[in-house]
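Participant: Submitted below is the structure of interest, expressed as structure tokens.
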Ligand code: SF4
């Protein structure tokens with residue numbers, strides 16, 4: 001298991017001010033910059049990943065290090081792969097506790113966008129490391145619960161693969177299969193010929209976090225599914 005706890009992190013404040021629609025709101029910009037300074041001083045994003053060999057057992061069933069995963073999309077994505085990388089990335093408990101301490105509703109919203117940026121830094125870092133170590137062009141990920149085809153209870157076998165690694169980077173999984181800190185993702189990462197996004201198979205057209213267009217023909221031809229909307233509807237996709 002590789003643990004990453006020295007992840008480069010900074011905030012693109014000019015872009016965030018645009019994304020958060022704060023432009024020309026000088027008081028809000030000042031408050032946001034103050035929050036960003038607090039966050040920079042505390043932020044400690046972390047990640048871990050393992051290298052495993054997937055075995056396709058049957059249609060929809062993949063076994064990884066003795067754990068069974070059931071998903072047609074996952075099985076098809078791993079069909080040509082001799083390696084899979086179970087991975088966990090988080091903004092870190094330090095920043096999450098800082099976010100939770102905010103009482104002003106606007107500050108809570110801005111703080112969440114900052115913890116999400118720290119998570120993004122952690123995801124970028126583990127993907128960059130995997131690409132470099134294994135000379136992979138595209139690293140794609142799938143997260144349990146992001147599609148009905150791969151439901152949230154599949155967090156359990158995934159967390160068993162992490163062993164005590166989750167605890168070592170400050171991540172816990174509750175009985176509803178949700179993780180703490182909130183800005184955390186668990187996933188299986190794999191090499192793909194082109195970048196795969198779960199969003200390509202998700203028909204949640206209202207989602208503001210969409211990263212790729214819905215592709216109905218991909219759903220039908222490659223993945224042989226009629227529909228697979230989001231299971232929880234707010235999955236982080238990187
Ligand atoms: S980020 Fe949005 S569009 Fe993408 S899979 Fe999740 S819910 Fe669907």
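Residue numbers (my numbering): 1 to 238.
Cβ atoms here follow ideal geometry from the backbone N, Cα and C, with glycine treated the same way.
1) Could you check what DSSP says for residue 10 in three-state terms: helix, strand or coil?
2) Can you have a look at residue 32 and say buried or exposed, based on whether 16 or more other CB atoms are within 10 angstroms of its CB?
3) Just reading off the beta strand (DSSP E) that residue 62 is part of, what are its end residues?
4) Taking contact to mean at least 3 C-beta pairs separated by less than 8 Å, is the region 153 to 169 in contact with the region 105 to 115?
5) Would DSSP call residue 86 helix, strand or coil?
6) Report yes if the C-beta of residue 204 is less than 7 Å from at least one heavy atom of the ligand SF4; otherwise report no.
7) Return the CA-CA distance between residue 236 and residue 181, expressed in angstroms with no decimal places.
8) So, do the region 14 to 23 and the region 48 to 62 have three or more beta carbon pairs nearer to each other than 8 Å?
9) Taking the alpha-carbon positions, what's the residue 73 to residue 150 distance?
10) Could you tell me the boundaries of the alpha helix (DSSP H) in which residue 48 lies?
11) Would you say residue 211 touches the ligand SF4, meaning its beta carbon is less than 7 Å from a heavy atom?
12) I want to check one thing, is the minimum distance from the CB of residue 113 to the heavy atoms of the ligand SF4 below 7 Å?
13) Residue 94 by DSSP, collapsed to three states: which one?
14) Let me know the secondary structure DSSP gives residue 219 once reduced to three states.
15) Between which two residues does the alpha helix (DSSP H) containing residue 119 stretch?
16) Let me confirm a value: residue 92 is counted as buried when at least 16 other C-beta atoms fall within 10 Å, else exposed. Which label applies?
17) Cα separation between residue 88 and residue 131?
Facilitator: To lay it out plainly:
1) Correct three-state label for residue 10: coil.
2) buried
3) 61 to 64
4) Contact fails: fewer than three Cβ-Cβ distances are below 8 Å.
5) strand
6) yes
7) Low confidence applies to residue 236: its pLDDT is 43, below 50, so where it sits in the model is not reliable enough to give any reading.
8) no
9) Cα to Cα, residue 73 sits roughly 8 Å from residue 150.
10) From DSSP, residue 48 is part of no alpha helix (DSSP H) but of the beta strand (DSSP E) over 46 to 49.
11) yes
12) no
13) helix
14) helix
15) 105 to 134
16) In this structure residue 92 is buried. Its beta-carbon is surrounded by 16 or more other beta-carbon atoms within 10 angstroms.
17) 16 Å
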